[in-house]
Amino acid sequence: MNRIFSVKGIISITEKFLGMRLNRSAASLSYFLIMTLFPMLICVQWILGVFGENIVIFLEEFSYIIPSGVLSIIEDYLSYTGSQSNGLLIIGISTAVFTGASAFRMLTDSLREIFESRGGNDAARFIFSFIYAVALLFAVYLFAIIVVAGKWLINLLVPVFELFEFIELADLAYLWNWVRFIILELLSAGMLYIIYYFSAWRSPYKMKILPGAAIGSLLFTVVSGFFSWFISSSVKYSAVYGSLASVIILMLWLYILSNIVFIGALINKELTDHRDDPKMKLHNDVHSFIKKKQ
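The structure is reproduced here in structure tokens:
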């Protein structure tokens, strides 16, 4: 793991990123994500409405990673589409699955190039892309339900905790914020793990998957938090872009997240290359021989 944090490892990852022109792939992926995001918001708005929750208020709880400009454009979009419409829900699900499947195919094509995957059944990949898009929707719904249910459970237990003087309600709310953060991290890491695993299925190497997924998930939060802080601290975007400021911020945010997905894949590839390096194999063989002798 120390390999990727070394100067040599960082240089190697950077060279691969630039050499494979993954910034172009990230731009394409961000386009598909935009096309998927808004139909998905319709679906999330519907399911939160069942629980009597407002999606804008729900998203504002994650303002530490969602830029204010993004929240603004989401609020405008949802106020235009309305709320509990079954017809709109069907359109939202259908569109989100179709565009999500397209995004998945585009993403896995780039990842297969990183992992040097060869062969495979194109028809099976096409079908699996729709399965993953449905799974993505389900994961988002599950996360929303867990967060809403967690808030409901805490409110339900408030009278009980008030009976115990050693339990502060403020501490309970603070604990729930951390639990919610951990759930979000695990969910994003799990999604990345599945994407990387599927893309590396035909790789000639025994590819490491978990490190890139874990680091990528952490980078999602750290970079999004910094980007959100930077945008909220700047007042010049609206002056430069006018009414398009929120759209530009959304596109830039998704572009950054798309780059992180490829960086996570390159981390896995770098760790795998380092492990398969002849010098490293010799070092491991000698280390194993000495350990057996002891």
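As numbered in numbering that gives the first Met the number 0, residues 0 to 293 make up the sequence shown, in order. Cβ coordinates follow ideal geometry from the N, Cα and C atoms, glycine included. In this text, all values refer to a predicted model and were calculated from it rather than measured experimentally.
- Within the same chain, Ala95 come within 6 Å of methionine 39 by CB-CB distance, once the 5 residues on both sides are set aside.
- Inter-residue distance for phenylalanine 142 and glutamate 112 is about 31 Å (C-alpha atoms, whole angstroms).
- For isoleucine 144, the secondary structure class from DSSP, reduced to helix, strand or coil, is helix.
- Taken through DSSP and simplified to helix, strand or coil, glutamate 60 comes out as coil.
- Here isoleucine 259 is near leucine 218, since their CB atoms are less than 8 Å apart.
- Distance from the Cα of serine 29 is smallest, within the candidate group Arg117, Leu186, Gly189 and Ile255, for Ile255.
- Inclusion of alanine 122 and phenylalanine 103 in the CB contact set at 8 Å is not warranted, their separation being larger than that value.
- When DSSP states are grouped into helix, strand and coil, asparagine 53 belongs to the coil group.
- Cβ-Cβ distances below 7 Å link alanine 138 to Leu186 and Met190 in the same chain, with the five nearest sequence neighbours on each side left out; the list follows chain order.
- Distance from the CA of glutamate 60 to the CA of lysine 15, rounded to the nearest whole angstrom, comes to 37 Å.
- In the displayed model, alanine 95 falls within a helix according to three-state DSSP.
- Cβ contact annotation for threonine 271 (same chain, cutoff 8 Å, sequence separation greater than five): Tyr204, Lys205, Met206 and Lys207, in chain order.
- In the DSSP annotation of this structure, the continuous segment of the alpha helix (DSSP H) that includes isoleucine 230 starts and ends at 209-232.
- Shown here, asparagine 120 sits in coil according to DSSP, grouped into three states, outside any helix or strand.
- Counting only residues of its own chain and dropping the five nearest sequence neighbours on each side, leucine 70 has a CB closer than 8 Å to the CB of Val55, Leu58, Glu59 and Ser62.
- Contact between glycine 68 and alanine 199 is absent: CB atoms are separated by about 35 Å, not below the 8 Å threshold.
- Shown here, serine 5 sits in coil according to DSSP, grouped into three states, outside any helix or strand.
- The beta carbon of asparagine 267 lies closer than 7 Å to those of Tyr195, Met206, Lys207, Ile208, Pro210 and Gly211 in the same chain, with the five residues before and after it left out.
- In this model, isoleucine 92 and valine 49 are separated by some 16 Å (Cα to Cα).
- Taking a C-beta distance under 8 Å as the contact criterion, leucine 32 and serine 257 qualify as a contact pair.
- Beyond the five residues adjoining it in sequence on each side, isoleucine 72 comes within less than 7 Å, by CB distance, of Ser245, Val246 and Leu249 in the same chain, given in chain order.
- The residue among Ser116, Phe97, Asp108 and Gly119 with its C-alpha nearest the C-alpha of leucine 136 is Phe97.
- Between phenylalanine 226 and proline 66, the beta carbon gap of about 6 Å places them in contact (Cβ cut-off 8 Å).
- Nearest neighbour of threonine 107 by Cα position, chosen from Leu77, Arg201, Gly51 and Tyr76, turns out to be Arg201.
- Taking all protein chains shown into account, valine 178 has fewer than 16 neighbouring C-beta atoms within 10 Å of its C-beta and is therefore exposed.
- The alpha-carbon of threonine 35 is positioned some 19 Å away from that of isoleucine 64.
- When DSSP states are grouped into helix, strand and coil, tyrosine 192 belongs to the helix group.
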